[in-house]
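Novice: Here this note's numbering runs 1185 ahead of the position in the sequence shown, where the first position is 1.
Before I ask anything, let me first share the structure, which is written out below as C-alpha coordinates.
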Amino acid sequence: MMKGYVENRMFEKALDVFEQINLELDSVTYTIVFNVCAELNNDRAMRIGKALLHKMPRNLR
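As C-alpha coordinates, then:
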(Lines of atoms letter the chains of each structure in order from A and count residues from 1; the text may use other names and numbers.)
(Lines give C-alpha, C1' and ligand atoms only; values in the text may rest on other atoms or scores of the structure.)
Protein backbone atom coordinates (compact mmCIF):
# COMPACT_ATOMS: atom_id res chain seq x y z
CA MET A 1 0.00 0.00 0.00
CA MET A 2 2.80 2.40 0.89
CA LYS A 3 4.54 1.69 -2.41
CA GLY A 4 1.37 2.60 -4.30
CA TYR A 5 1.15 5.93 -2.52
CA VAL A 6 4.81 6.61 -3.28
CA GLU A 7 4.39 5.72 -6.96
CA ASN A 8 1.55 8.26 -7.09
CA ARG A 9 3.63 10.86 -5.21
CA MET A 10 1.24 10.78 -2.24
CA PHE A 11 4.04 10.90 0.31
CA GLU A 12 2.01 12.15 3.29
CA LYS A 13 -0.43 9.24 2.82
CA ALA A 14 2.51 6.83 2.71
CA LEU A 15 3.74 8.15 6.07
CA ASP A 16 0.21 7.88 7.47
CA VAL A 17 0.16 4.19 6.57
CA PHE A 18 3.65 3.67 7.99
CA GLU A 19 2.65 5.21 11.33
CA GLN A 20 -0.48 3.05 11.53
CA ILE A 21 1.08 -0.34 10.82
CA ASN A 22 2.68 -2.55 13.42
CA LEU A 23 4.82 -5.02 11.57
CA GLU A 24 8.42 -6.08 11.51
CA LEU A 25 10.32 -3.81 9.16
CA ASP A 26 12.56 -5.15 6.42
CA SER A 27 15.06 -3.52 4.08
CA VAL A 28 12.35 -2.71 1.52
CA THR A 29 10.19 -0.90 4.08
CA TYR A 30 13.18 1.05 5.38
CA THR A 31 14.06 2.11 1.84
CA ILE A 32 10.52 3.24 1.06
CA VAL A 33 10.16 5.24 4.27
CA PHE A 34 13.57 6.91 3.96
CA ASN A 35 12.78 7.86 0.35
CA VAL A 36 9.43 9.31 1.43
CA CYS A 37 11.14 11.33 4.15
CA ALA A 38 13.67 12.66 1.64
CA GLU A 39 10.92 13.68 -0.77
CA LEU A 40 8.86 15.46 1.88
CA ASN A 41 11.74 17.13 3.70
CA ASN A 42 9.49 18.57 6.41
CA ASP A 43 9.46 18.40 10.21
CA ARG A 44 7.28 15.29 10.33
CA ALA A 45 9.46 13.47 7.81
CA MET A 46 12.63 14.45 9.70
CA ARG A 47 11.19 13.20 12.99
CA ILE A 48 10.10 9.88 11.49
CA GLY A 49 13.35 9.40 9.57
CA LYS A 50 15.52 10.06 12.61
CA ALA A 51 13.44 7.74 14.80
CA LEU A 52 13.55 5.02 12.17
CA LEU A 53 17.32 5.34 11.78
CA HIS A 54 17.79 4.85 15.54
CA LYS A 55 15.59 1.72 15.47
CA MET A 56 17.25 0.26 12.38
CA PRO A 57 19.40 -2.81 13.01
CA ARG A 58 23.09 -2.21 12.35
CA ASN A 59 23.23 -4.98 9.75
CA LEU A 60 20.82 -3.01 7.54
CA ARG A 61 22.71 0.29 7.71
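Note that the Cβ used here is the ideal one computed from N, Cα and C, for glycine as well.
Looking at C-alpha atoms only, which residue of R1229, K1235 and L1200 is the closest neighbour of I1217?
Specialist: For the purposes of this step, residue 1217 is taken as residue 32 along the sequence shown, with counting starting at 1. Residue L1200 is the option with its Cα nearest to I1217.
Novice: If you scan the region 1203 to 1231 from start to end, which runs of the beta strand (DSSP E) of 3 or more residues do you find wholly inside it?
Specialist: If we require 3 residues or more, the region 1203 to 1231 turns out to have no beta strand (DSSP E) run fully inside it.
Novice: Determine the DSSP secondary structure at M1186, reduced to helix, strand or coil.
Specialist: Start at 1 with the first residue of the sequence shown, and residue 1186 comes out as number 1. If DSSP states are grouped into helix, strand and coil, M1186 belongs with coil.
Novice: Verify whether the separation of the beta carbon atoms of F1196 and V1221 is less than 7 Å.
Specialist: For the purposes of this step, residue 1196 is taken as the residue at position 11 of the sequence shown. For the purposes of this step, residue 1221 is taken as the residue at position 36 of the sequence shown. Going by C-beta atoms, F1196 is nearer than 7 Å to V1221.
Novice: Based on Cα-Cα distance, which residue from K1240, E1224, R1232 and I1233 lies nearest to E1192?
Specialist: The residue you call residue 1192 lines up with position 7 of the sequence shown. If we check each option's Cα against that of E1192, E1224 comes out closest.
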